[in-house]
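**Student:** For the sequence shown, the residue numbers in the working numbering are 2 to 251. Even glycine gets a Cβ: it sits at the ideal position worked out from N, Cα and C. Bear in mind the structure is a predicted one, so any value in this text is a computation, not a measurement.
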Amino acid sequence: MLDKTSFAIETHHLAKTFSTQAGVIHLFNDLSLNIQQGESVAIIGQSGAGKSTLLSLLAGLDVPTSGTVKLLETDLSQLSDAERSAWRSENLSFIFQAFHLLPELTALENVQLPLDIRGDKQAAPKAKNLLDKVGLSDRQSHYPAQLSGGEQQRVAIARAFVTTPSILFADEPTGNLDAETGENIITQLFDINAQQATTLVLITHDAALASRCNRQFRLEQGILIEGSTKARQVEPNQEINKGSRVGLAE
Ligand SMILES: Nc1ncnc2c1ncn2[C@@H]1O[C@H](COP(=O)(O)OP(=O)(O)OP(=O)(O)O)[C@@H](O)[C@H]1O
Ligand SMILES: [Mg+2]
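1. Around ligand 2, which residues pass a check of Cβ closer than 7 Å to any of its heavy atoms?
2. Exposed or buried, GLU11, counting other C-beta atoms within 10 Å across all chains shown (16 or more means buried)?
3. Ligand 1 and LEU62: does any heavy atom of the ligand fall closer than 7 Å to the residue's C-beta?
4. With a threshold of 8 Å on Cβ separation, who are the neighbours of PRO237 within its own chain once the five nearest residues in sequence on each side are excluded?
5. Compare the beta carbon distance of LYS122 and VAL163 with 8 Å and say whether it is the shorter of the two.
6. According to DSSP, is GLY24 part of a helix, a strand, or is it coil?
7. Within the continuous alpha helix (DSSP H) that includes GLN154, where are the two ends?
8. If I follow the unbroken beta strand (DSSP E) through LEU102, where does it start and stop?
9. Determine the contact status of ARG140 and LEU131, defining contact as a CB-CB distance below 8 Å.
10. Which two residues bound the contiguous beta strand (DSSP E) that contains LEU72?
11. Is it true that the CB of ALA9 sits closer than 8 Å to the CB of ILE36?
12. Within 10 angstroms of its Cβ, does PRO255 collect 16 or more other Cβ (buried), or is it exposed?
13. By how many angstroms is the C-alpha of SER86 removed from the C-alpha of ILE158?
14. Taking its Cβ as the centre, do 16 or more other Cβ atoms sit within 10 Å of THR21, making it buried, or is it exposed?
15. Take ASN194 as the anchor and find which of PHE19, ILE26, SER94 and PRO65 has the nearest alpha-carbon.
16. Taking 8 Å as the threshold (C-beta atoms), are HIS14 and GLY68 in contact?
17. Note down, one range per segment and in chain order, each alpha helix (DSSP H) of at least 4 residues found wholly within the region 183–225.
18. Out of curiosity, what's the CA-to-CA distance linking SER33 and GLY24?
19. Between VAL156 and ALA108, is the Cβ-Cβ spacing less than 8 Å?
20. Measure the alpha-carbon distance for SER7 versus ALA146 and round it to whole angstroms.
21. Within 7 Å: the Cβ of SER48 and any heavy atom of ligand 1?
22. Going by DSSP, which residues form a beta bridge with ASN35?
23. Do you know how far the Cα of ALA50 is from the Cα of LEU178?
24. Consider the C-beta atom of ILE45 and the heavy atoms of ligand 1; say whether any pair is separated by less than 7 Å.
25. Please report the straight-line C-alpha distance between GLU184 and LEU77, rounded to a whole angstrom.
26. Going by DSSP, what residue range makes up the alpha helix (DSSP H) through ALA87?
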C-alpha cells in the first residue's frame with residue numbers, strides 16, 4: 002500500500018524527440034510533472050503540441066528520449082515487456098477519443114474482457130454493474146455498430162473502470178461527441194472516478210471539462226503551464242517543468 006504522500010505519477014526531466022524526414026522534432030526538452038494519488042489533472046493545448054505523446058510517456062506506452070517516469074513508485078523502463086504489460090493491465094486503464102471497442106464483442110463482453118483476461122470469476126456481474134452505472138443495462142447484448150457514439154463511449158468508460166485501476170488516462174474522451182452527450186459522459190466519468198478515487202489524467206480541447214479537474218495544465222511550445230485553463234502564467238511554488246521550446250532542428 003502506498004502512503005498518502007506518494008505520487009501516482011512522478012516524472013523527471015522528460016525529453017522527447019522524433020526524427021523525421023523533415024528534420025528532428027524536439028517536442029519537449031525538460032519537462033517534469035508530479036501527480037498525487039486521487040488527483041484529476043487536465044492537459045490542454047493546441048493540436049500538435051504533444052499532448053498525446055506526453056500521455057503515452059506518462060502511461061509507459063512510449064519511452065522518453067531521456068528522463069524518467071515512475072508510476073506508483075515503479076519505473077516501468079526497468080521491467081521486461083511481459084512484466085510491463087502485466088503491470089499496466091493490473092494498474093492502468095485508458096479511454097480514447099475513438100472508443101476502441103472490439104466490434105465482434107457485445108457491450109457486456111467488451112466491458113468484461115479485461116477481467117476475463119485476468120481470470121476473474123466475477124467478471125460478468127462486475128461488468129453488468131459498470132454498464133448499469135453508465136445507464137446501459139438494456140444495451141448489454143448490443144454490438145458496438147448497433148450503439149451510438151455516446152453509448153460506445155459509455156461502454157468504453159465502463160470497461161476502463163471495471164478493473165478499478167489506480168490511474169486512468171483519457172485522450173480526448175469527448176472529442177467525437179456533441180456537447181450535450183459529452184457533458185453527460187463527463188458527469189458519469191467523474192461520478193465513477195469519485196467512487197473509485199482513481200488518479201485521472203485527461204487530455205481535452207474542452208475548457209469546461211478541464212475545469213472539472215483538480216489541476217489544469219496547458220502544454221505550449223514544450224512547456225507545461227499550470228493554472229486555470231485560461232491562465233498563461235506559472236503559479237509560484239508549483240512543481241512544473243523547466244522546458245524548452247519546440248521546434249525543428251536547424
Ligand atoms: N511517431 C512519431 N514520429 C514522428 N513525429 C511524431 C510521432 N508522433 C507524434 N509526432 C509529432 O509530434 C507532434 C505532437 O503530436 P501529438 O499527437 O502528441 O499532438 P497532440 O497535442 O496530441 O495533437 P492533437 O490535439 O491533434 O491530438 C506532431 O507534430 C506529430 O506530428
Ligand atoms: Mg492528440
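**Tutor:** Inspection of the coordinates gives the following:
1. LYS52, SER53, ASP172, GLU173 and ILE204
2. buried
3. no
4. Note on PRO237: pLDDT 38, under 50, position unreliable in the model; the coordinate value appears next. Closer than 8 Å at the Cβ level, and outside the excluded window around PRO237, lies no residue.
5. no
6. strand
7. 150–162
8. From DSSP, LEU102 is part of no beta strand (DSSP E); its letter is neither H nor E.
9. no
10. 67–72
11. yes
12. With the chain covering 2 to 251 only, the question about residue 255 has no answer from this structure.
13. 20 Å
14. exposed
15. SER94
16. yes
17. 208–211
18. 25 Å
19. yes
20. 42 Å
21. yes
22. GLU11
23. 22 Å
24. no
25. 34 Å
26. 82–92
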